Amino acid sequence: METKKNIAVVLSGCGVYDGAEIHESVFTMLAIARAGANYQVFAPDIEQYHVINHLTGQPADEKRNVLVEAARIARGNIKPLSEYDPKDYDAIMFPGGFGVAKNFSTFAFDGADCKVNEEVKNVILQTNKAGKPIGALCISPVIVAKVLEGAEVTIGNDKSTVEAIEAMGAKHRYTTHGEVVIDDKYKVATTPCYMLDATIDQIATGAENVVKAVIEMT
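Start counting the sequence shown at 332; every next residue gets the next number (my numbering).
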């Protein structure tokens with residue numbers, strides 16, 4: 332009997348405006364489970380860039396930790412990203428959310444000139460070096476594009492984000508709902524999700540399709 336695949340899922344907090352996009356995160360985990368694989372959630376043990384009140388959209392005067400917040404989505408079953416080792420996993424997935432552009436990187440503020448968190452950067456590089464696939468949803472392809480030179484990705488069709496990705500030296504392909512772009516050289520699969528004006532069922536389809544593409548590359 333074939334051994335179940337083990338997929339790492341890396342979250343950037345909890346909530347679209349300052350952390351991981353919850354729908355994308357949950358549907359990624361669901362798609363992994365429905366594909367007959369196991370998942371383990373990770374997050375870096377770092378402070379969030381800021382906290383956004385998701386009711387008003389305004390910054391809140393408080394501090395939160397990415398790992399602690401991501402534990403909400405993982406129902407407590409989460410590990411610090413420092414414990415990730417690519418030899419223990421068949422692939423890694425990065426759901427989207429502004430946490431990717433604020434906590435995992437400075438993309439929200441610096442665009443193409445952004446810096447990627449060293450721990451996140453090293454995880455992407457180590458996974459690639461180990462020949463393991465990487466999946467990225469929504470805005471997450473920007474950190475892959477920044478770390479893996481010349482990678483081919485998609486974030487849908489947002490003009491300014493496409494320009495930033497291309498300014499990094501990466502290749503961008505325009506896509507719509509549920510479409511997946513695969514970079515065979517780097518073994519990267521990306522899909523736009525909420526970078527498009529999407530409905531929740533379209534997000535589920537995108538997550539399912541990108542998880543399927545990643546598992547096929549394992």
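Just so you know, even glycine gets a beta-carbon here, dropped at the ideal spot from N, CA and C.
Note that this is a predicted model, so its numbers are computed, not measured.
Suppose contacts are defined by Cβ-Cβ distances below 8 Å. Is residue i in contact with residue j by that definition?
i	j	result
A401	L342	yes
K410	F440	no
V397	N369	no
A544	A529	no
V493	V541	no
V447	V484	no
P375	V451	yes
A328	G442	Absent from the structure is residue 328, since the part of the chain shown begins at 332 and ends at 549.
G350	G430	yes
Y348	G388	yes
I486	M424	no
E539	A362	yes
For the beta strand (DSSP E) containing residue i, name the first residue and the last one.
i	result
F440	Segment F438 to D441 is the alpha helix (DSSP H) holding F440; no beta strand (DSSP E) there.
A339	N337 to V341
Mapping DSSP to helix, strand and coil, what is residue i?
i	result
E449	helix
Y525	helix
V542	helix
I470	coil
T458	helix
E547	helix
T485	strand
Identify the continuous alpha helix (DSSP H) that holds residue i and give its terminal residues.
i	result
R551	In this structure the chain extends from 332 to 549, so residue 551 is not present and cannot be described.
G344	It is not in any alpha helix (DSSP H) - G344 carries neither H nor E in the DSSP assignment.
A432	F429 to K433
Could you tell me whether the Cβ of residue i comes closer than 8 Å to any Cβ of chain B?
i	result
N384	The displayed structure is made up of one protein chain only, and chain B is not part of it.
Self-check item: At least 3 beta-carbon pairs within less than 8 Å: the stretch 493-503 vs the stretch 376-393
Solution: Touching, no, given that fewer than three Cβ pairs across the two stretches are closer than 8 Å.
Self-check item: the stretch 410-420 in contact with the stretch 334-341 per 3-pair CB rule at 8 Å
Solution: Cβ pair count under 8 Å is three or more, so yes.
Exercise. Would you mind listing the alpha helix (DSSP H) stretches within the stretch 373-423 that are 4+ residues and don't spill past its ends, in chain order?
Key: 397-404
Quiz item: What are the complete beta strand (DSSP E) segments, minimum 3 residues, inside the stretch 488-528?
Solution: 502-505, 512-514 and 519-522
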